[in-house]
Amino acid sequence: MKHFIVIISTFLVMQAQAQQTDYHFSHTDNTTATSDKIWEVWTDVPNWKQWDKGLKEASLEGEFIVGTKGKLIPDKGPKAKFVISEIEPNNSYTFKTKIPFGWLIIKRTLEVKEGETFFTHDVKFTGLLKKILGKKLGKNYREMLPSVMAEIKQLAESK
């Protein structure tokens, strides 16, 4: 039984570490702001540039629903199109952007525990070039994610 627990613990640690690479990583922050306030900040696409300092502009071609497409214009690099692929209202949503031979998938998730709102931003590069593109693009994104999350927190708490 003791060996079984060690094996399971090792597997769980490896899973957590696997998600903290340049091609798959996440960051979680917490706030006293309600989950509705975080959701309001997250789903206000034209104002993503307020908290995402690497973004010059963002737009959505319709309502914030599954299948709606949008555009991102980063401070550096080419424009990108995205599509909202999943939504659980006031809980999570996912959007994805086509990259060469794969996808860049962003999932944002909310959880309320003991009066605090925990919000997570998960970034995943997929496909044949995930390691190369993750190393080229993901490293900087991963480094700035904590400050992006702090901006979201500040905006939500000021609403």
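Here the sequence shown is numbered in the working numbering, starting from 1414 and rising by one per residue.
All C-beta atoms in this analysis are idealised placements derived from N, C-alpha and C, irrespective of residue type, glycine included.
Please read all numbers here as calculations on a predicted model, not as lab measurements.
Spatially closest choice to residue i from the options, by CA coordinates
| i | options | result |
| --- | --- | --- |
| residue 1442 | 1434, 1568, 1562, 1572 | 1562 |
| residue 1517 | 1530, 1551, 1526 | 1551 |
| residue 1568 | 1545, 1462, 1433, 1494 | 1462 |
Three-state secondary structure assigned by DSSP to residue i
| i | result |
| --- | --- |
| residue 1436 | coil |
| residue 1559 | helix |
| residue 1567 | helix |
| residue 1572 | coil |
| residue 1516 | strand |
Burial state of residue i (16 or more Cβ within 10 Å)
| i | result |
| --- | --- |
| residue 1454 | buried |
| residue 1445 | exposed |
| residue 1565 | buried |
| residue 1555 | buried |
For residue i, the first and last residue of its enclosing beta strand (DSSP E)
| i | result |
| --- | --- |
| residue 1510 | 1505-1512 |
| residue 1527 | Here residue 1527 belongs to no beta strand (DSSP E), and DSSP marks it neither H nor E. |
First through last residue of the alpha helix (DSSP H) which encompasses residue i
| i | result |
| --- | --- |
| residue 1476 | Unbroken run through residue 1476: none, as it is neither H nor E. |
| residue 1450 | 1448-1456 |
| residue 1546 | 1543-1546 |
Neighbourhood of residue i by C-beta distance below 7 angstroms, restricted to the same chain and skipping five residues each side
| i | result |
| --- | --- |
| residue 1515 | 1538, 1539, 1540, 1541, 1542, 1543 |
Same chain only: Cβ atoms within 6 angstroms of residue i, ignoring 5 sequence neighbours per side
| i | result |
| --- | --- |
| residue 1488 | 1467, 1469 |
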